[in-house]
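Heads up, the thing below is written out as structure tokens.
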Amino acid sequence: MTISAEKTKYELTGQEKRFIGWHILVAVIALFVGSLFGPLQAFEFSGWDLYQYLAPALKSYYQGLTLHGVLNALVWTTFFIVGFTNLTTIKGLRRPLSHPMLNKIGFWTMLVGLVTTAVPLLAGTATVLYTFYPPLEASWAFYLGLTLVVVGSWIEGYGFFLTYRGWRKDNPGIRSPFIAFAGVMNMAMWQIATLGVAAEILSMLLPWSLGMIDATDPELARTYFWFTGHPLVYFWLLPAYISWYGMLPKQAGGKLFSDSLARLAFWLFLLVSVPVGFHHQFVDPGIATGWKWIHAGLTYAVFFPSMLTAFTVIASLEYAGRKRGGTGLIGWIRALPWKDPSVSAQLLAGILFMFGGIGGLVNASYNINTVIHNTTWVPGHFHLTVATAVTLSFIGISYWLVPHITGKKLYKPSWAVVQTWVWFVGMIIFSNAMHVLGLLGAPRRTPLGEAPYVPEEWSGHLLRVSIGGGILFVAVIMYVWIMLRTATGKKADPEDVPEIPIAESLRDPQLTPEWLDSFKPWLIGAVILIVVAYGPQLLEQIANIQLNAPGIGPP
Amino acid sequence: MTSDLGDGPAEPEHFKPTGTVVILTAFVLTIILLWASVYLILLSRGVTT
Amino acid sequence: MSVEQAPAKKTMGVDPFERNWMLFSIALLVVFFTLVTIAGFALGFQVPGVETEVDPATVADSGPFASPGLRQIADGEYEAHVVARTFSYDPREIEVPVGSKVTIYVTSVDVQHGFKIQDTNINMQIVPGQVSKLTYTFDRVGEFPYICTEYCGIAHAAMYGVVKVVQPGAGGDG
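Line by line, the protein sequences are chains A, B and C.
First residue of the first sequence: 1, per the working numbering; consecutive thereafter.
First residue of the second sequence: 556, per the working numbering; consecutive thereafter.
First residue of the third sequence: 605, per the working numbering; consecutive thereafter.
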């Protein structure tokens with residue numbers, strides 16, 4: 001007899017829906033504004049300078065690039081993820097948040113942080129790109145604002161942890177619901193991860209930008225930053241995985257192929273996401289090659305749960321496709337509900353993610369990294385990952401989430417389906433060209449339209465970047481328009497409002513072993529790995545800290 | 556999540572993900588091809604010790 | 605319909621195809637990592653490591669970075685010291701005879717820069733306070749631009765130099 005808890009379904013209250021809605025609203029606005037700069041950059045590559053028409057409001061390519069990176073890679077993602085985790089916690093555990101005031105405080109802290117950071121960004125005193133490497137200095141408000149966004153996410157995280165802990169106390173011996181466990185675990189990983197950037201900002205960047213210290217140790221800053229920077233990408237990715245494992249199979253008409261392996265994949269991310277940061281520093285001075293090589297090995301290890309995900313998710317989809325009547329070795333793919341924009345978004349995101357993963361493996365490969373470091377290959381790669389696997393999946397999620405929380409129907413679902421394909425096509429063109437240009441030697445973070453060392457050989461690829469970027473911009477506008485029309489449409493009949501899709505697994509999750517539903521061993525393992533992989537090198541850099549790079553201040 | 560999962564409480568349904576294997580075989584071949592081509596670029600550009 | 609029974613053993617219930625996939629993935633990663641390690645530690649395709657630490661305020665005042673450029677240290681072997689600053693490299697040009705083995709040291713006196721010599725594996729992050737070093741044998745005649753690959757300010761895109769690899773006797777050395 002299967003044991004299960006709380007057999008009744010839980011419907012989100014109006015207040016909970018609105019709270020989630022605020023997160024999504026901020027996220028979508030950030031995506032919209034951040035994406036405005038995309039075509040400016042892409043067109044610049046072909047020498048079409050639109051910046052001249054936007055001066056003095058927009059001062060440079062680099063200010064636009066900073067806004068693009070911060071708003072898209074940091075704000076859209078964080079706000080969507082925290083909003084989504086509210087949903088997965090409440091709906092997954094079938095109970096309200098245990099301390100909703102915490103989450104409210106967290107959200108407001110994030111919002112205040114966003115505004116604080118936006119001011120210098122828009123004023124042009126934080127043109128430091130989303131990695132803000134010292135000693136290129138931004139206004140103190142930039143660093144403070146980012147800190148508050150992170151702190152706010154921690155506070156909301158505590159709200160999730162307490163709710164989850166309450167559920168576990170009330171349900172001893174019962175498997176925690178997958179989407180709730182996974183969302184909480186992602187937040188736990190995030191809190192460990194953000195310790196790095198917190199140390200960087202609190203010990204160096206804020207004191208420096210406030211004039212309390214004169215200079216920074218830029219290599220130590222890089223080590224702190226990338227302690228956070230790699231698990232950051234899993235903080236982004238794991239919510240998409242939550243949907244692919246825990247929701248998409250239901251939407252496709254099937255079930256989750258393996259509850260155990262889904263959980264194992266997540267635990268492996270908790271274990272190995274952090275101790276890999278040197279793979280962003282393979283060509284840095286001041287870090288021993290031995291440690292770089294060890295981090296490369298650990299990065300290969302963290303690739304494994306994604307390989308596992310590929311199988312489990314595709315198998316779940318195959319189950320669904322065959323259940324819907326699909327036949328043939330791969331013919332069942334066509335039987336999947338491609339007309340559901342939430343499904344098409346996530347299927348297309350998954351397809352492109354396969355290439356993002358391959359590129360990531362290349363990046364992780366120690367010396368192979370010298371071929372592509374700081375070339376356009378890198379943004380080519382991360383537009384397949386954060387800008388497709390994550391963003392297009394989040395877009396797909398919002399295609400049911402926003403109707404659900406607003407009680408309205410999705411505006412023109414057939415257009416939404418088209419929107420996902422426009423994104424897909426635009427991204428293939430853009431990303432492929434960026435990868436090729438990178439192999440040819442084109443640097444990232446550079447207005448190639450004006451660089452004097454650009455050979456004729458690159459022109460065709462630069463043009464493709466411009467075309468791809470333009471198409472992507474159309475896809476973003478379509479998405480924002482659909483969201484706007486959905487949110488401002490009229491209330492729908494309740495039966496027309498989508499439910500939150502929660503996938504069942506083929507096998508009773510209660511059969512999944514205890515060690516796959518227990519935080520302690522994995523947290524301990526994660527801390528041990530971090531201490532081993534980071535401890536010696538980080539301690540050495542801290543002990544030998546040289547605050548001797550005053551750098552260049554903001555205008 | 557309570558629902559009756561059909562074929563018995565302890566056995567997974569007898570579903571063989573053969574299509575998945577085909578897709579992932581193609582994926583692996585692609586990984587090998589693309590990774591190896593960048594590895595060869597590294598080797599062709601000369602030693603750096 | 606379910607039959608009443610003792611609680612089933614908790615196992616992972618891994619599908620055999622998936623188990624094989626997991627094992628295969630691990631094997632593939634091990635093979636790739638071995639190839640990488642061989643290339644790195646046996647064949648010499650290395651990344652920069654720990655060099656000296658310097659003070660960016662004074663590094664160009666005395667010592668090798670005070671007179672940047674190429675210096676011959678042995679037959680067919682050279683050292684090049686390059687200073688990166690917004691928005692240029694000093695020297696802007698390095699001329700070496702073909703077949704030369706050159707050890708390149710780069711540092712910055714202000715902010716972070718990049719140093720990538722096109723069509724070679726020299727690709728380094730340049731961080732003030734640190735020295736970046738790699739050794740390379742230029743065995744092809746031609747011009748190899750070195751470009752800044754890290755955003756360093758408004759004129760970052762203009763920051764570049766060039767390595768000119770020439771036939772021996774075709775030009776002076778540094």
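Quick reminder that beta carbons are idealized off the backbone N, C-alpha and C, glycines included.
- Remark: C-beta atoms of residue 180 of chain A and residue 237 of chain A do not approach each other more closely than 8 Å.
- When C-alpha distances from residue 304 of chain A are compared across A:314, A:537, A:341, A:269, the shortest belongs to A:269.
- For residue 729 of chain C, the enclosing beta strand (DSSP E) stretches over residues 727-730.
- Boundaries of the alpha helix (DSSP H) harbouring residue 43 of chain A: 14-44, taken from the DSSP string.
- Classified as buried, residue 378 of chain A has 16 or more neighbouring CB atoms from the shown chains inside 10 Å of its CB.
- In this chain, the alpha helix (DSSP H) harbouring residue 292 of chain A covers 289-323.
- Where residue 711 of chain C is concerned, the enclosing beta strand (DSSP E) starts and stops at 704-712.
- By the beta-carbon neighbour count (other beta carbons within 10 angstroms, threshold 16), residue 283 of chain A is buried.
- Under the Cβ criterion of 8 Å, residue 648 of chain C is counted among the residues facing chain B.
- Of all residues in the region 249-283 of chain A, those with a C-beta nearer than 9 Å to a C-beta of chain B are 255, 257, 258, reading in chain order.
- Going by C-alpha positions, residue 420 of chain A is about 44 Å away from residue 286 of chain A.
- Residue environment analysis places residue 321 of chain A among the buried positions, since at least 16 neighbouring C-beta atoms fall within 10 angstroms of its C-beta.
- The beta-bridge partner set that DSSP reports for residue 766 of chain C consists of C:697, C:749.
- Looking at the DSSP output, residue 684 of chain C bridges to C:674, C:708.
- For a Cβ distance threshold of 7 Å, residue set 593, 594, 597 of chain B lies close to residue 368 of chain A, ordered along the chain.
- When rounded, the separation of the alpha-carbon atoms in residue 218 of chain A and residue 772 of chain C is 40 Å.
- Secondary structure of residue 720 of chain C (DSSP, three-state): strand.
- Distances from the alpha-carbon of residue 589 of chain B to those of A:427, A:355, A:474 put A:355 closest.
- By the 16-neighbour rule on beta-carbons within 10 angstroms, residue 753 of chain C is buried.
- The bridge partners DSSP lists for residue 552 of chain A are A:136.
- Sixteen is the threshold: since fewer than 16 other Cβ atoms of the shown chains lie within 10 Å of the Cβ of residue 290 of chain A, the residue is exposed.
- For residue 737 of chain C, the uninterrupted beta strand (DSSP E) segment begins and ends at 736-742.
- A direct Cα-Cα distance of roughly 26 Å separates residue 494 of chain A from residue 82 of chain A.
- Taking 8 Å as the CB threshold, residue 601 of chain B lines the interface with chain C.
- In terms of Cβ geometry, residue 525 of chain A and residue 435 of chain A do not form a close pair [threshold 8 Å].
- In the structure shown, residue 385 of chain A adopts helical secondary structure according to DSSP, grouped into three states.
- Contact annotation: residue 733 of chain C and residue 546 of chain A have beta-carbon atoms nearer than 8 Å.
- For residue 404 of chain A, the enclosing alpha helix (DSSP H) has its first and last residue at 391-406.
- For residue 201 of chain A, the closest Cβ of chain C is not nearer than 8 Å.
- Not a single CB atom of chain C sits nearer than 8 Å to the CB of residue 577 of chain B.
- Sequence-distant partners of residue 644 of chain C (beyond 5 residues in either direction) whose C-beta falls short of 7 Å from its own C-beta, in its chain, are 650.
- For residue 250 of chain A, the uninterrupted alpha helix (DSSP H) run begins and ends at 248-251, by DSSP.
- Closest in alpha carbon position to residue 186 of chain A, among A:519, A:294, A:532, A:29, is A:519.
- For residue 339 of chain A, the secondary structure class from DSSP, reduced to helix, strand or coil, is coil.
- Relative to the Cα of residue 499 of chain A, the nearest Cα in the group A:407, A:56, A:240 belongs to A:407.
- The beta carbon of residue 136 of chain A is closer than 8 Å to those of 128, 551, 552 in its chain, skipping five residues each way along the sequence.
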